[in-house]
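Residue numbers (the numbering used here): 16 to 362.
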Ligand code: ACO
């Protein structure tokens with residue numbers, strides 16, 4: 016649920032732009048509010064020259080998620096609303112929309128440079144999801160692909176107090192600024208136990224390569240006590256409802272693209288993991304096949320997750336700054352008790 020709305024209803028009825036507004040304002044926008052937020056998102060897409068230069072300098076020597084983290088951090092330098100923390104709610108919302116709007120360009124630019132291509136200037140009128148696919152490939156996506164990208168963005172937008180959201184709130188809770196909080200969040204999403212799992216899922220699918228190899232490979236991994244990426248969740252002990260939708264999107268895309276292999280391998284992995292361990296897929300599992308079918312390079316999967324989750328992160332940070340209290344978890348020390356200092360020469 017986002018602000019009381021079932022995510023499934025949002026996936027089938029709304030757009031990512033509506034969901035951004037919902038997360039930031041806790042109400043769905045009316046027509047003129049939607050027009051306004053859409054115009055803001057379209058109008059903020061062009062990156063500052065400093066950011067463009069930075070990606071030229073660093074893209075070939077950093078991983079995509081590290082590049083994204085660095086670009087978001089650096090973007091604070093030239094943000095028109097400044098780099099210091101602000102209790103000005105409107106300024107924080109402008110900064111948030113600016114970052115959401117620019118993330119596709121911060122993801123696609125370095126990737127194109129890595130492939131020896133120049134970044135594509137963003138569209139000024141495509142929807143957010145369509146523009147994301149456009150700046151990656153330089154080609155206008157089909158309406159069907161843009162719709163599925165949009166649905167993926169909606170599904171990944173927010174998810175209770177997950178690790179990256181918590182990191183963002185902890186950073187904002189010290190009265191640090193939005194760019195710093197987003198930098199913490201991206202750094203936290205990167206790990207394979209969180210957002211990084213989707214890249215590992217597709218690596219596993221590629222390595223397995225065919226349905227007839229699934230059982231042996233998965234059982235081997237389980238016997239070696241290896242984690243199967245894309246399965247298990249700290250909160251869900253049943254199938255993540257977003258995985259159910261993503262499974263259908265993967266099936267639909269595979270059939271439409273005439274290439275059902277990756278979907279079939281995903282299904283076979285699910286059957287074995289579920290029967291052997293009773294584990295269910297999380298949001299990262301079928302997202303891997305969906306992103307692949309959409310033509311997104313595997314090493315960008317986690318960055319694409321960030322392009323969506325930044326809507327939720329910013330909503331949380333704006334809320335934190337609006338009514339702040341330092342987040343300071345307690346911990347229990349279990350080491351040695353009080354003892355006498357030992358001089359260096361006596362150790
Ligand atoms: N493959 C195999 N076994 C698993 C898996 C898995 N994917 N997930 C959990 N288990 C097993 C553990 O080995 C453990 O077994 P044990 O009790 O015999 O030791 C038991 O299930 C409990 O697992 P924990 O890791 O303790 O569960 P926790 O809540 O700490 O971890 C996590 C949740 C990190 C998501 C875990 O399930 C995992 O590593 N999954 C794979 C990575 C992944 O898909 N991450 C993305 C999560 S969704 C997201 O962040 C967007």
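Ideal Cβ placement from N, Cα and C applies to all residues, glycine included.
Could you give the DSSP three-state label for residue 246: helix, strand or coil?
strand
From residue 158 to residue 148, what does the alpha carbon distance come to, in whole angstroms?
Rounded to whole angstroms, residue 158 to residue 148 spans 11 Å at the Cα level.
Thinking just about the alpha-carbon of each residue, which of 312, 324, 348 is nearest to the one in residue 130?
It is 312 whose Cα lies nearest to the Cα of residue 130.
Do residue 294 and the ligand ACO come close, with the Cβ less than 7 Å from some heavy atom?
yes
Residue 120 and residue 137: beta carbons closer than 8 Å?
In this structure, residue 120 lies near residue 137, with their beta-carbon atoms less than 8 Å apart.
DSSP three-state call for residue 312: helix, strand or coil?
coil
Assuming residue 197 contacts residue 125 under a Cβ cut-off of 8 Å, what Cβ separation, rounded to an integer in Å, is found between them?
So it is not a contact: roughly 17 Å between Cβ atoms.
Nearest to residue 202 by alpha carbon, out of 78, 43, 30, 333?
Answer by Cα proximity: 78.
Closest by CA to residue 25, which one among 332, 257, 317?
257
Span separating the alpha-carbon of residue 34 from that of residue 351
51 Å
Less than 7 Å between the CB of residue 219 and some heavy atom of the ligand ACO, yes or no?
no
Going by the beta-carbon positions, is the gap between residue 146 and residue 320 smaller than 8 Å?
Taking 8 Å as the Cβ cut-off, residue 146 and residue 320 do not qualify as a contacting pair.
Which value, in whole angstroms, describes the spacing of the CA atoms of residue 334 and residue 238?
45 Å
What did DSSP end up calling residue 93 once you bin it into helix, strand or coil?
helix
Where does residue 246 land, buried or exposed, given buried means 16+ other C-beta within 10 angstroms?
By the 10 Å Cβ count, residue 246 comes out buried.
Specify whether the region 327-342 and the region 101-112 touch according to this definition: at least 3 beta carbon pairs, one from each stretch, less than 8 Å apart.
yes
Pull up the CB-CB distance for residue 303 and residue 216, whole angstroms please, since I reckon it's below 8 Å.
4 Å
Kindly indicate the opening and closing residues of the alpha helix (DSSP H) around residue 47.
Run containing residue 47: 46-58, per the alpha helix (DSSP H) assignment.
Taking 8 Å as the threshold, find out whether the region 216-235 comes into contact with the region 262-270 through three or more Cβ pairs.
no
Figure out for me which residue from 82, 90, 41 has the closest Cα to the Cα of residue 59.
90
For the 8 Å Cβ check, are there 3 or more pairs between the region 341-356 and the region 43-55?
no
Range covered by the alpha helix (DSSP H) that runs through residue 198
Run containing residue 198: 193-204, per the alpha helix (DSSP H) assignment.
Kindly indicate which residue of 102, 289, 115 has the alpha-carbon position closest to the one of residue 172.
115
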